[in-house]
Structures are given as C-alpha cells and as structure tokens.
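Engineer:
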Amino acid sequence: MSTAVMDRSEIEVNQNLAGEVLSQMKQTKEAKASKINVKDLNLFYGEKQALFGVSLDILENEVTALIGPSGCGKSTFLRTLNRMNDLIDGVKITGDIVIDHENIYKTNDVIKLRTKVGMVFQKPNLFPMTIYDNVAYGPRMQGIKNKNELNKIVEESLRGAAIWDEVKDRLKTSALGLSGGQQQRVCIARAIAMKPDVILMDEPTSALDPISTLKVEELIANMKEDYTIVIVTHNMQQAARISDKTAFFLNGEVVEYDDTDNIFSTPKDQRTEDYVTGRFG
Amino acid sequence: MRQVKDNIFRGLLWFSAFLSVAVLVMIVGFIFYKGIGLISFDFIFGNYSPDGDGGIWPMIVTTIYTIGISLVIATPIGILAALYLQEYAKQGRLVKIIRFATESLTGIPSIIYGLFGAVFFVTTLKFGMSILAASLTLTIIVLPVIIRTTEEALKTVPQAYREGSLALGTTKLQTLYKVILPNAMPGILSGIILSIGRIVGESAAIFLTAGTVAALPESIFSSARTLTVHSYLVTQEAGDIELAAAVGIVLIVIILAINLSATYLSKKLNKADQK
Numbered sequence: 001m002s003t004a005v006m007d008r009s010e011i012e013v014n015q016n017l018a019g020e021v022l023s024q025m026k027q028t029k030e031a032k033a034s035k036i037n038v039k040d041l042n043l044f045y046g047e048k049q050a051l052f053g054v055s056l057d058i059l060e061n062e063v064t065a066l067i068g069p070s071g072c073g074k075s076t077f078l079r080t081l082n083r084m085n086d087l088i089d090g091v092k093i094t095g096d097i098v099i100d101h102e103n104i105y106k107t108n109d110v111i112k113l114r115t116k117v118g119m120v121f122q123k124p125n126l127f128p129m130t131i132y133d134n135v136a137y138g139p140r141m142q143g144i145k146n147k148n149e150l151n152k153i154v155e156e157s158l159r160g161a162a163i164w165d166e167v168k169d170r171l172k173t174s175a176l177g178l179s180g181g182q183q184q185r186v187c188i189a190r191a192i193a194m195k196p197d198v199i200l201m202d203e204p205t206s207a208l209d210p211i212s213t214l215k216v217e218e219l220i221a222n223m224k225e226d227y228t229i230v231i232v233t234h235n236m237q238q239a240a241r242i243s244d245k246t247a248f249f250l251n252g253e254v255v256e257y258d259d260t261d262n263i264f265s266t267p268k269d270q271r272t273e274d275y276v277t278g279r280f281g
Numbered sequence: 001m002r003q004v005k006d007n008i009f010r011g012l013l014w015f016s017a018f019l020s021v022a023v024l025v026m027i028v029g030f031i032f033y034k035g036i037g038l039i040s041f042d043f044i045f046g047n048y049s050p051d052g053d054g055g056i057w058p059m060i061v062t063t064i065y066t067i068g069i070s071l072v073i074a075t076p077i078g079i080l081a082a083l084y085l086q087e088y089a090k091q092g093r094l095v096k097i098i099r100f101a102t103e104s105l106t107g108i109p110s111i112i113y114g115l116f117g118a119v120f121f122v123t124t125l126k127f128g129m130s131i132l133a134a135s136l137t138l139t140i141i142v143l144p145v146i147i148r149t150t151e152e153a154l155k156t157v158p159q160a161y162r163e164g165s166l167a168l169g170t171t172k173l174q175t176l177y178k179v180i181l182p183n184a185m186p187g188i189l190s191g192i193i194l195s196i197g198r199i200v201g202e203s204a205a206i207f208l209t210a211g212t213v214a215a216l217p218e219s220i221f222s223s224a225r226t227l228t229v230h231s232y233l234v235t236q237e238a239g240d241i242e243l244a245a246a247v248g249i250v251l252i253v254i255i256l257a258i259n260l261s262a263t264y265l266s267k268k269l270n271k272a273d274q275k
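As they're listed, the protein sequences go chains A and B. Under my numbering, the first residue of the first sequence is numbered 1, with each subsequent residue one higher. Under my numbering, the first residue of the second sequence is numbered 1, with each subsequent residue one higher.
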C-alpha cells in the first residue's frame, strides 16, 4: 500500500517538475538571447583599480542603460566593450567579456571587434570632411570603393539615423556646418554604416539641447530592432524612457542590474533607491 | 582711474604691435632703397665676376640646392620622429629624454653645428667643402625645428578624431594617414617654412662646410657660396652695402615666394579634403 502511495506522489512530483521545465522553456523562448556576457571584470589604471568584479549579461536587441554618479566607472566599462581602453597606457584588465561566444580580450583582432561593436561619443566628433565622406569613412577604410555601393550605404545609414531628409541636399558640404544635434545623428549614421551588431553610446545627448535630445532618444528607441544598444547616461529620466535594462554603477561596482522598471520603481538595494530618487549623485 | 589704466594698457599694446611692424617695414625699406638700383636681369641671371659687375646666379642656385637637399632629408625624418614621439611611443622616460635632446639642439649656436659639419661631413666622410656637406649640416640644424613643430601640430588634432576613427575599425596607420596627418598639415607646413628661414638665414655653418667658391656648382660635391654668405662677404671684403642689399632683396623675394606657395599648397590640400 505504502509503495503505491509513494508512487503516486512521485508521479505528482514529476508532473510538477515537467510543468516547471516547460514553463521555463517557454520563458527562455520569449526572453532575448544574451549578446554580451561580462564576467568578473576588473580594470586597473596603473595601480588604481577602476572596475571591481563587474558581471553583466547584456541581451540582444535591447537598450541597456548604465547609470551612476560621475567617476563610478560606467564609461570605463562601456569602453572595455570595444577595447577603446587599449588606447590608454597602463590599463590592465582581468576577467572575461564574451560577445557572440568570442572572448574579445583573447582575440587579437581589435579591428574586427570594432567593426562589429560601433561607438557614439559624448560630443559629436565628426571629421572635418563632408557629410558624405564622414559616413563613407568606415566602409572606405574597409576597402569598399564602388561608388554605387558607397552611395547606397551612405543613404541607408543616414536614413537609419533619421537625418537623411535634413542633409540629403547638402551631402557634399562640410559636416561641421550642421547643428550639434544633427552632427550627433550623423555620428550615429557613421556608426551604422559599418553594419555593427552592437552600438555603444557614451552620454550621446549630454552636449545637446532638449529638442535634439528628444530626437536622438526616439532614434535610439527605434534602433533596438536592429541593434543591441548599450548607453551610458547621466540623465535618469532618459534611462527610464528608453532602456529595457538598467545597471547602476557605484565606485566601480555594479550595485544592481535589473529591468529598468524594477530599478526605478522597486529597487532592491538601498543605494540604488537613494540614487534614483535623487538623494545623491 | 581704472578707465585710465585700461587706456594706458591699450596704448601700450598698440605701441608694441606698431613698433614690430615699423621695424620690419624699416628694414625691408632700407634694403630695397639701397639695393633696388642694382637689380636687373643680368644681375639675377648673370654669372659672377669678381670685379663687381657680375650676377649672382651661382649663389641663387646654391641656395636653392641647399634648401632642397636639406628639406628632402629633414622633412620625412622629422615628421616620422614626431609621429613616433607623439602617436606611437609610450610616454615615459625615453621619450622625455628624446624631447629634451631635441629642445636643446634648437638652442645650440649654429657655429657649433658648422664645426661639427666641418669635422664630420667634410673631413671624416670626405665630402670635402661641398653643397652636400653644408646641406647635411643644415639638415641637423632644422631637424629639431621640424620635430618640435610637427609634435605641436599633432597635439592640436583633437583626441576625439583619433577615437572616432579607431572606433570605426580602422588601423592606426589608416587613422594616421586619413585623419591625423591632414589635420596636422597646416602646422607641419609652418614648421617647414620656419626651417626654410633657418636654412636661408644660416651663414656661419655654411661658410665652414660649403666654402665660398663663387661659381655655378657642377654637382652637390662642389664647393659653393649661398646668397647669405655672399651678402656677408661683399659687405665684409668689399664694403659694398648696395650689392649686399640687392642680394638681400633677392633673398626676401625667394623666401616670400616659398612661403606663399606653401600656404597656397596647404589651403589646396585642405580644400581637397573638404570635398
């Protein structure tokens, strides 16, 4: 008798397990794939440590915002993702960053990494060339010479950055004649022209007026269909408006990383709450 | 009272600016006034004769030779050295020492270079008193100038350009060639113009390495006389101020022509970039 009872309970347990597994599978199907996987990342500027054991899983086709007070390491972290920190003497990095199953600090092909992971900077940094040449710069350096192909890339990229209509009649004039907001969108077009998977943005609107900021934010929200976007921002409303996930950095550590809604409504850590409610930072 | 101080200061600024222009105008005016009477086709394109009626064509040729040879050697080496120091080298002790050395080299009196050139190029390397020996000596004189000005020019290229270019997956060489050098070009050119000034203005070092032979040089191994040396000699030996001033006019015109064409070139290069 007793064995029969056990059997029945065992069956029940198994049924429950199966149900759980099924629902988990469903969840993972709905959830987006991981694009960038960061594990135990430490970064040193000479003797000084700037990042402490950062681990993050950045998902494909999402906007991930990095927030935190000045000097918390969020920009430093962003720049590890396309190895821009390599340009600084004396930077040492331990830990792993895996993008699409490739450990980017184990390969020597920084060029390939940077064509795949584009970047938009804090201040618009277009070259003193024409708008066309700025956007075509990257593809040309990759060896694309065909005029029609370049024309197509330039148009697609400028459309992708929602600036085509504003500049299509002045492509052959200097890019530095554009307004700051327009320049920043051409910078985004320049990044898109490389057909990257990931676009890193380092406070892309901090030098822009409110209307230009709005345009760039709309653009970012639309761009996540095609790209994985990681954005550093000082502006918490901006993070709340445009990002799916938010990581809160403090003193080189990730204090909390969660869905943006949770970070701003029900943060788990007191320090996050203090920061997002404006008590410091 | 504060208003008065302000006005006095303003006057001082104006006076200083006026004075420097006035001095320049006076010198050029004096040279032209004294020398213009001697300027003629035969004077410029004629061969030299010791009795004083001859032309200065040999000296013009010699001067252009020395400018050309020195720049052809010094410009690439200087630019490459500056690129290494500014863009490639790890900023540490070695770079500091090299910078200190180049800075010190710019301060050494040219007669010292001349002595070195006379011993090393003329005697040890057996070039003899020659245009080549003088040009190599001048190369050493202008090298630090070109390195310094190129470094300064490279510093003015915003770091954001370098980052922007590298972030697009370009190599360092591509970034250098397409973004950094074009933007540093005006500064580099002004360094080269400055060097031309040093070369043309040099007398002591050339005197010791090229000699004073006043004949059309047959080759770069010939001993020859540059315009500046000629100007010095006719003043010193013959006391002929008019002749020296006429040579001065030719010098000024040559320098002006080189400067203007360099500026024009730089503008044209920039335009080509903008297109």
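A virtual CB, placed ideally from N, CA and C, is assigned to each residue, including glycine.
Hey, quick one: how far does the beta strand (DSSP E) through A/A240 stretch, first residue to last?
Structural biologist: Counting from one through the first sequence, the residue named residue 240 of chain A turns up at place 240. Run containing A/A240: none in the beta strand (DSSP E); it sits in the alpha helix (DSSP H), 236-242.
Engineer: Let's test the definition: count the other Cβ atoms within 10 Å of the Cβ of B/M129 and tell me whether it reaches 16, buried, or not, exposed.
Structural biologist: Within the second sequence, residue 129 of chain B is the residue found at index 129, counting from 1. So B/M129 counts as buried.
Engineer: So, is B/T123 buried or exposed, given that buried needs 16 or more other C-beta atoms within 10 angstroms?
Structural biologist: Your numbering for residue 123 of chain B matches position 123 in the second sequence. It counts as exposed.
Engineer: Under a CB-based cut-off of 9 Å, is B/A156 close to chain A?
Structural biologist: In the second sequence, residue 156 of chain B corresponds to position 156, counting from 1. Reading the sequence as shown, one finds Thr at residue 156 of chain B and not Ala. It does not: the Cβ of B/T156 has no partner Cβ on chain A nearer than 9 Å.
Engineer: So which residues of chain B does A/F121 contact, with C-beta pairs closer than 7 Å?
Structural biologist: On the first sequence, position 121 is the one that residue 121 of chain A refers to. Those within 7 Å of A/F121 in chain B are A160, E163, G164.
Engineer: 9 Å is my cut-off, CB to CB: does A/D57 come that close to chain B?
Structural biologist: Here residue 57 of chain A refers to the residue found at position 57 when the first sequence is read from its first residue. Chain B contact via Cβ: absent.
Engineer: Considering only C-alpha positions, which residue in the set A/E155, A/S157, A/M129 is nearest to A/S174?
Structural biologist: As a first step, residue 174 of chain A must be located in the first sequence, where it is residue number 174. Considering only alpha carbons, the answer is A/M129.
Engineer: Whose C-alpha, out of B/Y177, B/E218, B/Q236, B/I193, is nearest the C-alpha of B/L260?
Structural biologist: The count along the second sequence starts at 1 and reaches residue 260 of chain B at position 260. It is B/I193.
Engineer: B/L173: buried (16+ other C-beta within 10 angstroms of its C-beta) or exposed?
Structural biologist: Within the second sequence, the letter at position 173 stands for residue 173 of chain B. Exposed, because fewer than 16 other Cβ atoms sit within 10 Å of the Cβ of B/L173.
Engineer: Have a look at A/N108 and A/K245 and give me their C-alpha separation to the nearest angstrom.
Structural biologist: Along the first sequence, one-based indexing puts residue 108 of chain A at 108. Along the first sequence, one-based indexing puts residue 245 of chain A at 245. If you take the alpha carbons of A/N108 and A/K245, they lie about 30 Å apart.
Engineer: Run through the region 106-170 of chain A for me and flag every whole beta strand (DSSP E) of 3 or more residues, listed as ranges in chain order.
Structural biologist: Complete beta strand (DSSP E) runs here, min 3: 117-120.
Engineer: Quick one: what's got a C-beta closer than 7 Å to A/F264's C-beta in the same chain, skipping five residues either side?
Structural biologist: Taking the first residue of the first sequence as 1, we reach residue 264 of chain A at position 264. Correct list, in chain order: A240, V276.
Engineer: DSSP on B/A74, reduced to helix/strand/coil?
Structural biologist: Taking the second sequence and counting its residues from 1, one reaches residue 74 of chain B at position 74. DSSP places B/A74 in helix when its eight states are reduced to three.
Engineer: Using the beta-carbon count (16 or more within 10 Å), is A/K48 buried or exposed?
Structural biologist: As a working note, residue 48 of chain A is residue 48 in the first sequence. Answer is exposed; the Cβ neighbour count stays below 16.
Engineer: Let me see if you follow: with CB-CB separation under 9 Å, is B/L168 close to chain A or not?
Structural biologist: As a first step, residue 168 of chain B is located in the second sequence; it is residue number 168 there, counting from the start. So yes, B/L168 belongs to the interface.
Engineer: Give a yes or no on contact between the region 114-121 of chain A and the region 80-87 of chain A, applying the rule of three or more CB pairs nearer than 8 Å.
Structural biologist: At 8 Å Cβ cutoff, the stretches touch.
Engineer: So A/G278 is in the beta strand (DSSP E); what residue range does that whole segment cover?
Structural biologist: As a working mapping, residue 278 of chain A is identified with position 278 in the first sequence. Segment: none, A/G278 is in no beta strand (DSSP E) and carries neither H nor E.
Engineer: Looking only at its own chain, which residues have a Cβ that is under 7 Å from the Cβ of A/E166, when we skip the five neighbours before and after it?
Structural biologist: As a working note, residue 166 of chain A is residue 166 in the first sequence. Q182.
Engineer: If you draw a straight line from the C-alpha of A/R140 to the C-alpha of A/R185, how long is it?
Structural biologist: In the first sequence, the residue the question calls residue 140 of chain A occupies position 140. In the first sequence, the residue the question calls residue 185 of chain A occupies position 185. A/R140 and A/R185: Cα-Cα distance of roughly 20 Å.
Engineer: Contact check, B/I141 vs B/Y113 under 8 Å by CB: the rounded distance?
Structural biologist: One-based indexing of the second sequence puts residue 141 of chain B at position 141. One-based indexing of the second sequence puts residue 113 of chain B at position 113. B/I141 to B/Y113, Cβ: 5 Å. Contact.
Engineer: For A/H101, count the other beta carbons within 10 Å of its own beta carbon; 16 or more makes it buried, fewer makes it exposed. Which is it?
Structural biologist: The residue labelled residue 101 of chain A in the question sits at position 101 within the first sequence. Answer is exposed; the Cβ neighbour count stays below 16.
Engineer: For B/I199, which residues of its own chain have a beta-carbon under 7 Å away from its beta-carbon, when the five flanking residues on both sides are left out?
Structural biologist: To locate residue 199 of chain B, count along the second sequence from 1; it is residue 199. These residues qualify, in order along the chain: T66, I67, S70, L138, V142.
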